[in-house]
Amino acid sequence: MNAFDDPGAQCLVLVNAEEQHSLWPSAVEVPRGWTLAFGPATRDECVGYVERAWTDIRPRSVRRLLSEVAVHDEIGR
Numbered sequence: 092m093n094a095f096d097d098p099g100a101q102c103l104v105l106v107n108a109e110e111q112h113s114l115w116p117s118a119v120e121v122p123r124g125w126t127l128a129f130g131p132a133t134r135d136e137c138v139g140y141v142e143r144a145w146t147d148i149r150p151r152s153v154r155r156l157l158s159e160v161a162v163h164d165e166i167g168r
């Protein structure tokens with residue numbers, strides 16, 4: 092069975108530079124550009140972690156840009 096399709100496999104939660112999260116099979120090498128945030132654990136535990144930790148799914152660069160625009164708008168008032 093493919094490690095990505097195995098519901099009983101141990102999983103990891105990975106995070107990239109944009110603070111996006113991904114479930115990843117623990118038996119598969121972590122890809123470049125991603126770091127371990129949680130695990131190894133069951134798939135359900137990893138999903139629970141993602142639901143608690145990744146509350147704003149916008150990429151970090153978008154959140155930063157929108158924050159800068161909001162500050163600029165405040166200054167311009």
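In terms of my numbering, the numbers along the sequence shown are unbroken and rise by one, the last being 168.
Where a beta carbon is used, it is the ideal one built from N, C-alpha and C, also for glycine.
Spatial neighbours of residue i in its chain, beta-carbon cut-off 8 Å, leaving aside the 5 residues before and after
| i | result |
| --- | --- |
| S117 | A100, Q101, C102, L103, G130 and P131 |
| V138 | L114 |
| G124 | N107 and A108 |
Bridge-paired residues (DSSP) for residue i
| i | result |
| --- | --- |
| F129 | V104 |
| S113 | L105 |
Residues of its chain near residue i, where Cβ-Cβ distance is below 6 Å and the 5 sequence neighbours each way are ignored
| i | result |
| --- | --- |
| E110 | R151 |
Beta-carbon gap between residue i and residue j smaller than 8 Å
| i | j | result |
| --- | --- | --- |
| V106 | T126 | yes |
| A94 | H112 | no |
Limits of the unbroken alpha helix (DSSP H) element including residue i
| i | result |
| --- | --- |
| V138 | R134 to A144 |
Anticipated Cβ contact below 8 Å, residue i with residue j, distance rounded
| i | j | result |
| --- | --- | --- |
| D147 | R154 | 6 Å |
Residue i at chain B interface by Cβ criterion, 8 Å
| i | result |
| --- | --- |
| L156 | Note that chain B does not occur in the displayed structure, where there is just one protein chain. |
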